[in-house]
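J.:
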Amino acid sequence: MSEQQLFKVTIDNITIEVPAGTTILEAGRKIGGEVAPPAMCFYSKLKGSGGKCRTCLVEVSKGSEKDPRPMPKLVASCRTTVMDGMEVKNITSPKVIDARAGVVEFLLLNHPLDCPVCDQAGECHLQDLSYEHGKEGTRYEFQRRTFKKHDLGPYIQLHMTRCIMCFRCVYTANQVTDSRVHGILDRGDHAEIATYIEKSLDNDFIGNVIDVCPVGALTDKTFRFKNRVWFLKPMDAHRDCPKCSGKVTLWNRGNEVFRVTARKDEWGEVEDWICNECRFEKKQTTDWVIEGPREISRHSVISQGHYVHSVIPTETFAAVNDGRKPHLLLDIHDTSGVNKPDIDLSKINGPAHSNNFSS
Amino acid sequence: MQALTNRAKQVERAQMSFIEQLYLWNILKGMFITFGHMFKKQPTIRYPEQKREFSPVFRGLQVLNRDEEGRENCTACGLCAVACPAEAITMEAAERLPGEEKLYKEEKYAAKYEINMLRCIFCGLCEEACPKDAIYLSETFTPADYARKNFIYKKNDLLIPNPVTDPKGFADARGSKVIRTSK
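If you read the protein sequences in the order shown, they are chains X and G. So for the first sequence, this note's numbering puts the first residue at 23; every next one is plus one. So for the second sequence, this note's numbering puts the first residue at 217; every next one is plus one.
1) My guess is that F169(X) and M187(X) are in contact by the Cβ rule of under 8 angstroms, so how many angstroms apart are they, rounded?
2) Measuring only the C-alpha atoms, how far is V298(G) from V231(X)?
3) Determine whether the Cβ of C293(G) lies closer than 7 angstroms to any Cβ atom of chain X.
4) Using 7 angstroms as the limit for Cβ to Cβ distance, is L130(X) near chain G?
5) Say whether the stretch 365-376 of chain G touches the stretch 325-339 of chain G, bearing in mind that this needs 3 or more beta-carbon pairs closer than 8 angstroms, one atom from each stretch.
6) Are there three or more Cβ pairs, one per stretch, closer than 8 angstroms when the stretch 291-309 of chain X is compared with the stretch 257-265 of chain X?
7) Hey, F245(X) and V198(X): beta-carbon distance below 7 angstroms or not?
8) List, in order along the chain, the chain X residues whose C-beta lies closer than 8 angstroms to that of A310(G)?
9) List, in order along the chain, the chain X residues whose C-beta lies closer than 9 angstroms to that of L313(G)?
10) Helix, strand or coil for V251(X) per DSSP?
11) Ends of the alpha helix (DSSP H) at T194(X)?
12) Does any C-beta atom of chain G lie closer than 7 angstroms to the C-beta of P348(X)?
13) Relative to the alpha-carbon of I351(G), which residue among G294(G), N281(G), I243(G), M307(G) has its alpha-carbon at the smallest distance?
14) Compute the Euclidean distance between the alpha carbons of T160(X) and C339(G), then round it to the nearest angstrom.
15) Does the CB of G175(X) have a neighbour CB from chain G at under 7 angstroms?
16) Considering E311(G), what are the terminal residues of the beta strand (DSSP E) in which it resides?
17) Under the three-state reduction of DSSP, which class applies to A224(G): helix, strand or coil?
18) Ends of the alpha helix (DSSP H) at G314(X)?
19) I'd like to know whether the C-beta atoms of C296(G) and C336(G) end up nearer to each other than 7 angstroms.
20) Give the single residue among A374(X), F247(X), N35(X), W289(X) whose Cα lies nearest to the Cα of V234(X).
21) Go to K111(X), then tell me how far its beta strand (DSSP E) extends in each direction, as first and last residue.
22) Is the shortest distance between the beta-carbon of R287(G) and the beta-carbons of chain X less than 7 angstroms?
23) Looking only at its chain, what residues have a beta carbon closer than 7 angstroms to the beta carbon of S310(G), apart from the 5 residues adjacent to it on each side?
24) Is the stretch 247-261 of chain X close to the stretch 28-35 of chain X, with three or more CB pairs under 8 angstroms?
25) Can you give me the start and stop residues for the beta strand (DSSP E) that P41(X) sits inside?
26) With DSSP as the reference, please indicate the residues paired to T103(X) in a beta bridge.
27) Would you list the one or two residues that DSSP bridges to V279(X)?
28) Taking C-beta pairs closer than 9 angstroms, name the residues in chain G that R101(X) reaches, listed in chain order.
29) Quick check on R91(X): buried or exposed, where buried means 16 or more other Cβ atoms within 10 Å of its Cβ?
30) Of all the alpha helix (DSSP H) runs that stay within the bounds of the stretch 107-153 of chain X, which reach a length of 4 or more residues?
31) Which same chain residues end up closer than 8 angstroms to K255(X) when comparing Cβ atoms and leaving out the 5 residues on each side of it in sequence?
32) Just to confirm, is the Cβ distance from T52(X) to E81(X) under 7 angstroms?
33) Where does S368(X) sit, in a helix, a strand or coil, going by DSSP?
34) With distances taken between CB atoms, is the gap from N184(G) to D349(G) smaller than 7 angstroms?
35) Return the chain-ordered list of same chain residues with a C-beta closer than 7 angstroms to the C-beta of S152(X), the five sequence neighbours on each side being excluded.
36) So, helix, strand or coil for K245(G), using DSSP?
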């Protein structure tokens with residue numbers, strides 16, 4: 023059979039034809055919008071990912087054209103392939119909404135909720151998920167689980183308490199890098215991401231685990247505590263990189279490059295893997311060819327303060343006053359200690375400490 | 217002509233009577249109102265000695281809060297700055313070093329924190345946005361000044377007195393407002 027068989031599947035009363043072998047989640051993403059189930063562990067670019075977090079649970083109200091019985095339980099849409107004539111209920115099913123709220127509560131059981139401290143805040147999938155699908159409170163009354171601190175080297179900061187055990191970083195290390203040195207140790211409640219003996223993650227392309235991490239468990243140490251993502255301006259840029267595609271997003275403030283990440287699509291998945299050199303070493307504007315500001319969904323907090331189609335009026339004062347500049351009553355940098363033009367926080371290796379500010 | 221409203225009053229143009237022409241009666245009427253106020257309660261407050269009580273929703277100068285042990289609550293999460301409609305708040309964060317646990321409550325703290333009082337409109341959104349109960353608007357005014365540069369309030373100007381070393385100053389700065397206690 024040369025021609026690929028197309029299956030008709032209906033998700034939330036929207037019918038779409040997809041090739042056989044497509045999962046319900048991917049079919050939902052093809053329709054887009056609210057119909058696509060949320061996913062915390064599934065990553066379309068990582069083989070074998072999915073089926074762990076249970077946030078993508080959907081109700082199958084009709085199995086297929088040939089066997090129209092509904093599936094007895096909610097199914098994980100990232101692992102269930104579509105059948106011809108399948109009918110799926112996602113947000114139209116109260117069972118799914120209820121189950122998802124339960125899953126969010128489970129995911130947040132041991133999550134420290136230290137979003138004010140966490141660098142992922144503003145682009146965190148767990149934050150979005152709990153806002154959209156979670157309940158307001160938790161019924162958990164015990165101490166949250168804590169771990170011994172693990173040092174993963176100069177580039178990657180691990181916060182094990184924030185981890186939701188999605189396994190994405192393990193798959194990334196397996197499939198994108200040459201060798202994997204970290205993994206899940208222990209079982210059950212004690213399971214943790216670590217290298218068995220303190221070892222730094224420094225093989226090339228390992229920086230991608232930062233991008234795939236849906237929460238703030240793996241964050242960029244070179245960006246740690248430097249700024250909040252919503253104060254930065256994402257810019258598309260590229261460079262001639264011998265190892266990777268070199269297509270990245272720069273997170274700028276003024277002309278300072280605070281962070282380099284891969285470009286992420288609307289599902290929060292990277293478009294191209296980028297190498298460690300691009301991510302951690304190239305923090306100069308001169309290293310990059312800037313293509314322009316990155317489009318950010320206007321519902322995201324990152325879009326705050328980005329006035330995309332605004333026209334900046336030209337300053338006419340000097341023109342009408344024979345070239346005389348307006349008298350400046352106060353240059354903010356004379357008094358203010360924040361954002362000193364001659365001090366670049368982004369140049370500090372790792373997070374700033376009190377001794378960086380003593381001078 | 218038809219009047220637009222029924223509130224228009226026709227001006228009376230009748231001749232004044234003899235008593236009215238003396239104006240004495242109207243003067244007495246006015247005097248009665250004036251001197252009547254002598255026996256009413258005085259609304260005046262003699263300011264420097266006496267101070268008017270603030271309304272419970274009064275929003276004054278910002279204060280950066282500390283917890284009972286005197287550690288700074290602020291973690292420089294930037295929510296006050298993003299909530300600020302006047303963009304008056306700026307900050308720079310730093311990581312707490314070992315040995316600084318008595319100074320800062322969390323591992324991240326605001327190394328620099330500034331409020332531009334020329335910009336601030338005292339809307340109180342920073343207080344509302346704060347997840348750490350670290351900033352609130354106190355019951356004092358921003359003092360007047362001659363120079364614009366003195367209105368850039370640094371962290372030292374904003375921090376509440378340490379409750380361990382200066383409990384009275386801490387209580388005064390907190391004021392009588394009911395303050396949320398963080399869990």
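C-beta: ideal position from N, C-alpha, C; glycine also.
T.: A quick look at the data gives this:
1) Counting from 1 along the first sequence, the entry for residue 169(X) is found at position 147. Counting from 1 along the first sequence, the entry for residue 187(X) is found at position 165. About 12 angstroms; that fails the 8 angstroms criterion.
2) For this step, residue 298(G) is matched to residue 82 along the second sequence. For this step, residue 231(X) is matched to residue 209 along the first sequence. C-alpha separation (whole angstroms): 28 angstroms.
3) Here residue 293(G) refers to the residue found at position 77 of the second sequence. Yes, contact with chain X.
4) Counting from 1 along the first sequence, the entry for residue 130(X) is found at position 108. Cβ-Cβ to chain G under 7 angstroms: no for L130(X).
5) A contact exists between the stretch 365-376 of chain G and the stretch 325-339 of chain G.
6) At 8 angstroms Cβ cutoff, the stretches touch.
7) In the first sequence, the residue the question calls residue 245(X) occupies position 223. In the first sequence, the residue the question calls residue 198(X) occupies position 176. Going by C-beta atoms, F245(X) is not nearer than 7 angstroms to V198(X).
8) Here residue 310(G) refers to the residue found at position 94 of the second sequence. Simply F247, P373, A374, H375, S376, N378, F379.
9) Position 97 of the second sequence, counted from the start, is the residue given in the question as residue 313(G). The contacting residues are H375, S376, N377.
10) Within the first sequence, the letter at position 229 stands for residue 251(X). Judged by DSSP in its simplified three-state form, V251(X) adopts helix.
11) Position 172 of the first sequence holds residue 194(X). Per DSSP, T194(X) belongs to the alpha helix (DSSP H) from 190-197.
12) Position 326 of the first sequence, counting from 1, holds the residue named residue 348(X). For P348(X), no CB of chain G lies under 7 angstroms from its own CB, so it is not counted at the interface with that chain.
13) Against the second sequence, residue 351(G) aligns to sequence position 135. In this structure, N281(G) is the residue among G294(G), N281(G), I243(G), M307(G) with its C-alpha nearest to the C-alpha of I351(G).
14) Counting from 1 along the first sequence, the entry for residue 160(X) is found at position 138. Counting from 1 along the second sequence, the entry for residue 339(G) is found at position 123. Roughly 32 angstroms separates the two Cα atoms.
15) Translated into the one-based positions of the first sequence, residue 175(X) becomes position 153. So no, G175(X) is outside the interface.
16) Within the second sequence, residue 311(G) is the residue found at index 95, counting from 1. Element bounds for E311(G): 305-311.
17) Reading the second sequence from its first residue, position 8 is the one you call residue 224(G). Of the three classes helix, strand and coil, the one that applies to A224(G) here is coil, per DSSP.
18) Locating residue 314(X) in the first sequence gives position 292, counting from the first residue. Segment 311-315 is the beta strand (DSSP E) holding G314(X); no alpha helix (DSSP H) there.
19) Here the question's residue 296(G) lines up with position 80 in the second sequence. Here the question's residue 336(G) lines up with position 120 in the second sequence. Cβ atoms of C296(G) and C336(G): not closer than 7 angstroms.
20) Residue 234(X) sits at position 212 when you count from the first residue of the first sequence. With distances taken between Cα atoms, V234(X) lies closest to W289(X).
21) In the first sequence, the residue the question calls residue 111(X) occupies position 89. Taken as a continuous stretch (DSSP letters only), the beta strand (DSSP E) holding K111(X) covers 108-111.
22) Residue mapping note: residue 287(G) aligns to position 71 of the second sequence, counting from 1. No - not a single Cβ of chain X is within 7 angstroms of the one on R287(G).
23) In the second sequence, the residue the question calls residue 310(G) occupies position 94. Checking the displayed sequence, the identity of residue 310(G) turns out to be Ala instead of Ser. When the five nearest sequence neighbours on each side are left out, the beta carbons in the same chain lying within less than 7 angstroms of the beta carbon of A310(G) are those of Y325, A327, in order along the chain.
24) Contact check between the stretch 247-261 of chain X and the stretch 28-35 of chain X: fewer than three CB pairs, one atom from each, fall below 8 angstroms, which does not count as touching.
25) Translated into positions along the first sequence, residue 41(X) becomes position 19. Here the beta strand (DSSP E) through P41(X) covers 36-41.
26) Stepping through the first sequence from its first residue, residue 103(X) is reached at position 81. For T103(X), which the question treats as bridged, DSSP gives the partners T45(X).
27) As a position in the first sequence, residue 279(X) is number 257, starting the count at 1. In DSSP, V279(X) forms a bridge with N274(X).
28) Counting from 1 along the first sequence, the entry for residue 101(X) is found at position 79. Under the 9 angstroms cutoff, chain G gives no residues; its nearest Cβ is about 36 angstroms from R101(X).
29) If you number the first sequence from 1, residue 91(X) lands on position 69. Label assigned to R91(X): exposed.
30) As summarised for the stretch 107-153 of chain X, the continuous alpha helix (DSSP H) elements at least 4 residues long and confined to that stretch are 116-129, given in chain order.
31) Indexing the first sequence from 1 puts residue 255(X) at position 233. Scanning its chain for C-beta atoms nearer than 8 angstroms, with the 5 sequence neighbours on each side dropped, one finds around K255(X) the residues W273, N274, R275, P315, H328, in chain order.
32) Numbered from its first residue, the first sequence carries residue 52(X) at position 30. Numbered from its first residue, the first sequence carries residue 81(X) at position 59. The sequence shown places Lys at residue 52(X), rather than the Thr named in the question. Not closer than 7 angstroms, so no.
33) Within the first sequence, the letter at position 346 stands for residue 368(X). It is helical.
34) This structure cannot speak to residue 184(G), because chain G is shown only from 217 to 399.
35) Within the first sequence, the letter at position 130 stands for residue 152(X). For S152(X), same chain residues with a beta-carbon under 7 angstroms away, outside a window of 5 residues either side, are V126, L130 in chain order.
36) As a first step, residue 245(G) is located in the second sequence; it is residue number 29 there, counting from the start. DSSP places K245(G) in helix when its eight states are reduced to three.
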